[in-house]
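Enquirer: Using the UniProt record's numbering, read the sequence shown as starting at 1 and increasing by one per residue.
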Amino acid sequence: MSKSSIPDSISQSKYISALGLDVGSKRIGVAGCDRTGLIATGLTTIERTRFEEDVEQLRELINQREVSVLVVGLPYNMDGSLGFQAKHVQKFANRIAKILQLPIEYIDERLTSYQAEQMLISENRSPSRNKGLIDRKAAALILQQWLDARRVNK
Numbered sequence: 001m002s003k004s005s006i007p008d009s010i011s012q013s014k015y016i017s018a019l020g021l022d023v024g025s026k027r028i029g030v031a032g033c034d035r036t037g038l039i040a041t042g043l044t045t046i047e048r049t050r051f052e053e054d055v056e057q058l059r060e061l062i063n064q065r066e067v068s069v070l071v072v073g074l075p076y077n078m079d080g081s082l083g084f085q086a087k088h089v090q091k092f093a094n095r096i097a098k099i100l101q102l103p104i105e106y107i108d109e110r111l112t113s114y115q116a117e118q119m120l121i122s123e124n125r126s127p128s129r130n131k132g133l134i135d136r137k138a139a140a141l142i143l144q145q146w147l148d149a150r151r152v153n154k
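(1) Kindly confirm or deny that the region 93 to 103 and the region 50 to 66 touch, where touching means at least three C-beta pairs closer than 8 Å.
(2) Would you report the Cα separation of C33 and A116, rounded to the nearest angstrom?
(3) Assign T128 to one of two classes, buried (16 or more other C-beta atoms within 10 Å of its C-beta) or exposed (fewer than that).
(4) I104 to K91, Cα distance in whole Å?
(5) Roughly how many whole angstroms lie between the Cα atoms of E60 and I39?
(6) Quick test of your reading: L74 and I107, contact by CB under 8 Å. State the CB separation rounded to the nearest angstrom.
(7) Name the two residues that bound the continuous alpha helix (DSSP H) containing G132.
(8) What would DSSP say about E109, mapped onto helix, strand or coil?
(9) What three-state label does DSSP hand I39 in the structure shown?
What follows is the structure, given as structure tokens:
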């Protein structure tokens with residue numbers, strides 16, 4: 001089959017490998033997607049220590065998964081403005097993207113941690129005992145939102 005006979009939606013991208021990040025001061029929730037870019041799944045939670053160690057843990061995941069883009073949740077204020085925490089996340093994410101030489105895209109992450117907590121509660125799990133899981137689920141929600149928007153905008 002020649003390339004010209006492949007539908008545009010397929011030929012534009014063979015597969016996608018994105019990493020979704022829910023960046024917090026104590027932990028970073030990390031999510032990845034299947035190669036088709038349809039489903040985001042929580043992968044791990046990085047317990048933050050030193051910046052250099054955080055970068056190395058992300059680098060390992062990026063190399064393993066052949067990641068081509070970072071999708072970072074930006075915690076806007078409820079009025080849509082960028083507050084202290086959002087600016088802090090941007091600074092961290094921009095440093096990471098520069099060091100790892102990857103493009104970065106931001107997604108409005110308002111209420112993703114709340115949604116993740118509600119998912120745990122519906123599974124009869126304690127949010128206070130599963131902070132890392134909440135971070136992973138929030139990262140998956142962030143990445144899923146980006147994947148869905150990407151499909152709609154094609």
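Glycine included, C-beta positions come from ideal geometry on N, C-alpha and C.
Expert: Concretely, from the data shown:
(1) With the cut-off at 8 Å, the region 93 to 103 and the region 50 to 66 touch.
(2) When rounded, the distance between both Cα atoms is 17 Å.
(3) With the sequence shown as reference, residue 128 is identified as Ser, and Thr is not the correct amino acid for it. Flag for S128 reads exposed.
(4) If you draw a straight line from the Cα of I104 to the Cα of K91, it is about 12 Å long.
(5) Computed Cα separation, rounded: 21 Å.
(6) Confirmed, Cβ separation roughly 7 Å.
(7) Counting along the chain, the alpha helix (DSSP H) containing G132 begins and ends at 131 to 152.
(8) Look at E109 here: in three-state DSSP terms it is coil, with no helix or strand label.
(9) Here I39 carries a coil assignment [DSSP, helix/strand/coil].
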